[in-house]
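Student:
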Amino acid sequence: MDKTHLYVAARYIELNPVRASLVKKSQKYRWSSASAHIAGRNDRFVHVAPLLEMFGKWDDFLSRGLSDEEVERFRCHERTGRPLGTDGFIARIENVLGRMLHKQITGPKVLQKKNRNLQN
5 MDKTHLYVAA RYIELNPVRA SLVKKSQKYR WSSASAHIAG RNDRFVHVAP
55 LLEMFGKWDD FLSRGLSDEE VERFRCHERT GRPLGTDGFI ARIENVLGRM
105 LHKQITGPKV LQKKNRNLQN
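Residue numbers for the sequence shown follow my numbering, so the first one is 5 and each next one is one higher.
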């Protein structure tokens, strides 16, 4: 995931227990890092400095919430296993891994060629 999407990803993860109606506030969920980030103190599992330096006051950061579109985008990438990021970011990952990660044209090879010709 590229840095642009990191902000949304952090909120998405922290707000999952709230969306699932497990708790009313993220920091009340036992396995959430929200309480450590809001308190500004490390615990056994969480080192708060990296995210607090990027996002500032954690409860303000979480209170911005997520749009339905942002939630759906993350769910789509969870289902497909494809990385979430800009085209440039994904191209860099593909280069490092030596394999294609972005969505390909589906169907028989003959139809793929035909579709490519129609796009050009």
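From the three backbone atoms N, C-alpha and C, an ideal C-beta is built for every residue, glycine too.
Just so you know, these numbers come straight off a predicted model, no measurement behind them.
Would you mind working out which of 105, 25 and 85 sits nearest residue 92, comparing C-alpha positions?
Tutor: In the sequence shown, residue 92 corresponds to position 88, counting from 1. Nearest C-alpha to residue 92: 105.
Student: What residue from 34, 28, 63 and 27 has the CA that sits closest to residue 14's CA?
Tutor: Looking up residue 14 in the sequence shown gives position 10. If we check each option's Cα against that of residue 14, 63 comes out closest.
Student: Go to residue 62, then tell me how far its alpha helix (DSSP H) extends in each direction, as first and last residue.
Tutor: Taking the sequence shown and counting its residues from 1, the one referred to as residue 62 is at position 58. Residues 62–67.
Student: Which class does residue 46 belong to by DSSP, given the choice of helix, strand or coil?
Tutor: Stepping through the sequence shown from its first residue, residue 46 is reached at position 42. Three-state DSSP puts residue 46 in coil, outside helix and strand.
Student: Around the C-beta of residue 49, are 16 or more other C-beta atoms found within 10 angstroms, so that it is buried, or is it exposed?
Tutor: Walking along the sequence shown from the start, residue 49 turns up at place 45. Exposed: under 16 other Cβ atoms inside 10 Å.
Student: Within the continuous alpha helix (DSSP H) that includes residue 95, where are the two ends?
Tutor: Start at 1 with the first residue of the sequence shown, and residue 95 comes out as number 91. 91–101 is the span of the alpha helix (DSSP H), which, as asked, contains residue 95.
Student: Taking only the alpha-carbon atoms, compute the straight-line gap between residue 9 and residue 75 and give it to the nearest angstrom.
Tutor: Locating residue 9 in the sequence shown gives position 5, where the first residue counts as 1. Locating residue 75 in the sequence shown gives position 71, where the first residue counts as 1. Their backbone Cα atoms lie some 12 Å apart in a straight line.
Student: Over what stretch of residues does the alpha helix (DSSP H) that includes residue 84 continue unbroken?
Tutor: As a working note, residue 84 is residue 80 in the sequence shown. Residue 84 -> alpha helix (DSSP H) spans 72–84.
Student: Taking C-alpha atoms, which residue in 55, 87, 79 and 32 lies nearest to residue 101?
Tutor: As a first step, residue 101 must be located in the sequence shown, where it is residue number 97. Measuring from the Cα of residue 101, the nearest candidate turns out to be 87.
Student: Does the beta-carbon of residue 71 have 16 or more other beta-carbons within 10 angstroms, so that it is buried, or is it exposed?
Tutor: In the sequence shown, the residue the question calls residue 71 occupies position 67. Exposed is the call here.
Student: What are the boundary residues of the alpha helix (DSSP H) that residue 110 is part of?
Tutor: Within the sequence shown, numbered from 1, the residue matching residue 110 stands at position 106. Counting along the chain, residue 110 falls outside any alpha helix (DSSP H), and DSSP gives it neither H nor E.
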